[in-house]
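Start counting the sequence shown at 1274; every next residue gets the next number (this note's numbering).
Just so it is clear, CB atoms sit at the ideal spot from N, CA and C, and this is done for glycine as well.
Computed from a prediction, not measured in an experiment: that's the story for all the values here.
To start, the structure under review is shown below, and the notes come after it.
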Amino acid sequence: MRSHLLQTDICWHDRQRNFDRVRALLAPVNVAAGDLILLPEMFDKGFSMDTQETADKDGQTLSFLTSLARDFKSYVLGPRVVRASHSAKASNTISIISPEGTLIDEYQKIHPFTAGHEHEAFEGGSRVVTFNTTDPPLTICPVICYDLRFPELFRIGLSRGAQVFTVHANWLSTRHAHWRILSLARAIENQAYVLAINRVGSDPNATYLGGTIAIGPRGDVIGELGDQEGVLSVDIDADEVRRWREKFPAVRDRRLLLG
């Protein structure tokens, strides 16, 4: 399987322009049936606390994601803002779409970014999500941005069989060094692929330096982007995860009952 990580300069509060940009970036890319397409956090309108503006109330973003999956016959992981009728707050969500265009599951960001006041507009999720692809069979666990700082979340994904973690982010330039270090750490300690997608450009509140990165289960960088828009395409091999975990059994050697 190949994974295609889209590093975009998100247009502030302009859903259609962002949809068009995703299609334009993918147009020259060789996407095969069954591949994985990954988009950055809040790719459709930007990292905004104005959830009345950004919420996918009429399902436009979900419709775009399902059409993208069907058109490329690929899995698509696309973040969007969801407002539930029972809550005053929204959820920062990843929709997981099958190659047939069906909604497999949704992950709600567990850790709102309190330093950026995200918790005032967004409700944290309570469920770690994994899903399985069929050809090849892989178990994938998606997380969102600030989640990257919490290794226990990744351990739960690992306990559920995760071989690949996807990190969908709007990671600020002011802590850009942390982005790379934490992504590497999560791959090394879980002996898993980490596919970390960031945005570039700026919005009214922050600047973003990109640095989208793909890391193998041995902690080796298998692909990385700079500070411009682009698509990073890398191969994912479940057998490589298995071989490394057997040769260097750090995951198996964990002692979980200490304390």
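{"Asked": "Consult DSSP for Gly1492 and reduce its assignment to one of helix, strand or coil.", "Found": "coil"}
{"Asked": "Work out the CA separation of Glu1519 and Glu1393 for me, nearest whole Å.", "Found": "44 angstroms"}
{"Asked": "Residues in its own chain within less than 7 angstroms of Val1349 by CB, not counting five upstream and five downstream?", "Found": "Ile1310, Leu1338, Leu1341, Ala1342 and Ile1370"}
{"Asked": "By a C-beta neighbour count over all protein chains shown, 10 Å radius and 16 as the cutoff for buried, is Pro1522 buried or exposed?", "Found": "exposed"}
{"Asked": "In terms of residue numbering, what span does the alpha helix (DSSP H) encompassing Gln1289 cover?", "Found": "Arg1288 to Leu1299"}
{"Asked": "What whole-angstrom Cβ distance do Gly1398 and Ser1364 have, given they're in contact under 8 angstroms?", "Found": "7 angstroms"}
{"Asked": "What are the boundary residues of the alpha helix (DSSP H) that Phe1316 is part of?", "Found": "No alpha helix (DSSP H) holds Phe1316; DSSP gives it neither H nor E."}
{"Asked": "For Ile1486 and Ile1367, what's the separation of their Cα atoms in angstroms?", "Found": "19 angstroms"}
{"Asked": "Give every residue of the same chain whose Cβ lies closer than 6 angstroms to the Cβ of Cys1563, excluding the five residues on either side of it in the sequence, and list them in chain order.", "Found": "This structure cannot settle anything about residue 1563, because the visible part of the chain is limited to 1274 through 1532."}
{"Asked": "Does His1359 come out as helix, strand or coil in the three-state DSSP assignment?", "Found": "coil"}
{"Asked": "Below 9 angstroms between beta carbons: does that hold for Gly1307 and Thr1412?", "Found": "no"}
{"Asked": "Label Leu1468 either buried or exposed according to how many other C-beta atoms from any shown protein chain fall within 10 Å of its C-beta, with 16 as the threshold for buried.", "Found": "buried"}
{"Asked": "Give me the Cα-Cα distance between Ala1328 and Val1302, rounded to the nearest whole angstrom.", "Found": "29 angstroms"}
{"Asked": "Any chance the segment 1429–1448 sits against the segment 1469–1476, with 3 or more Cβ pairs inside 8 angstroms?", "Found": "yes"}
{"Asked": "Kindly identify the DSSP beta-bridge partner or partners of Asp1329.", "Found": "Partner(s): none; Asp1329 has no beta bridge."}
{"Asked": "Going by beta-carbon coordinates alone, are Gly1496 and Gln1280 separated by less than 9 angstroms?", "Found": "no"}
{"Asked": "For Cys1414, which residues of its own chain have a beta-carbon under 6 angstroms away from its beta-carbon, when the five flanking residues on both sides are left out?", "Found": "Thr1403, Gly1430, Ala1435 and Phe1438"}
{"Asked": "Ile1509 and Ser1276 look like a contact to me (Cβ under 8 angstroms); what is the Cβ gap, rounded to whole Å?", "Found": "5 angstroms"}
{"Asked": "I need the boundaries of the alpha helix (DSSP H) containing Ile1454, first residue and last residue.", "Found": "His1449 to Asn1463"}
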